[in-house]
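Chains as they are written, first to last, in the numbering used here: chain G, 47 to 160; chain V, 94 to 203.
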């Protein structure tokens with residue numbers, strides 16, 4: 047069975063803290079993604095990676111960075127957490143970039159910044 | 094950010110009734126249209142990936158149609174059951190990114 051695992055499901059962090067959200071996939075997928083979900087808005091793409099050590103900015107990269115040192119792991123980093131980064135974060139992966147490639151999601155990480 | 098709109102935002106349906114809702118997307122530069130079901134406390138799960146104008150896909154009681162020329166897709170649920178309660182997301186694919194709509198939340202009342 048396909049599996050995308052987000053290790054931290056619920057976090058509470060203080061403003062200014064550095065935050066790491068970790069994601070691991072076991073499907074040998076080339077592509078990995080980080081989205082955030084806020085009420086009334088669609089999933090918004092923060093960053094994605096199509097290969098190890100490669101990264102591309104999504105639609106809302108400000109305040110975030112990412113790391114992909116191994117194919118199976120994609121980390122989202124909040125360099126200095128702010129209250130407007132309180133949100134639900136979803137990691138996802140897919141094989142290749144073909145038109146019909148399904149994206150597989152993790153269960154999400156709920157981050158509260160106080 | 095591409096404009097993908099879903100309507101209605103939410104709907105309530107009686108068990109056994111059928112329902113449908115809409116996803117509209119840009120009609121230019123179309124690659125694919127995805128539908129996902131997202132149940133509370135679970136991961137979004139892929140329902141359909143549609144790539145051709147006129148495509149119709151079916152999975153059990155759920156089906157979807159696609160019109161790429163006018164930029165819309167319908168999702169139908171026939172004979173709704175409580176387990177169909179979820180948020181249904183559509184996503185428009187152009188080059189290698191997906192742009193998601195805000196979702197339609199379906200609540201099926203027993």
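Idealized CB from N, CA, C, for every residue including glycine. Owing to the predicted nature of the structure, the values given are computational and were not obtained by experimental measurement.
- At a cut-off of 7 Å between beta-carbon atoms, residue 193 of chain V makes contact with chain G.
- Contact residues of the stretch 113-144 of chain V toward chain G are 124, 125, 135, 136, 137, 139, 142 and 144 (C-beta to C-beta distance below 7 Å).
- If you look at residue 184 of chain V, you'll find it in the beta strand (DSSP E) that goes 179-187.
- Think of a sphere of 9 Å around the beta carbon of residue 153 of chain G: the chain V residues whose beta carbon falls inside it are 134, 135 and 136, in chain order.
- Assignment of beta-bridge partners to residue 79 of chain G by DSSP yields G:94 and G:138.
- Here the C-alpha atom of residue 62 of chain G lies approximately 18 Å from the C-alpha atom of residue 134 of chain G.
- The way I'd put it, the stretch 137-157 of chain G does touch the stretch 67-80 of chain G; three or more beta-carbon pairs between them come closer than 8 Å.
- In terms of beta-carbon proximity, residue 86 of chain G lines the interface with chain V, with at least one pair separated by less than 7 Å.
- Across the stretch 108-135 of chain G, no CB contact with chain V closer than 8 Å is found for any residue.
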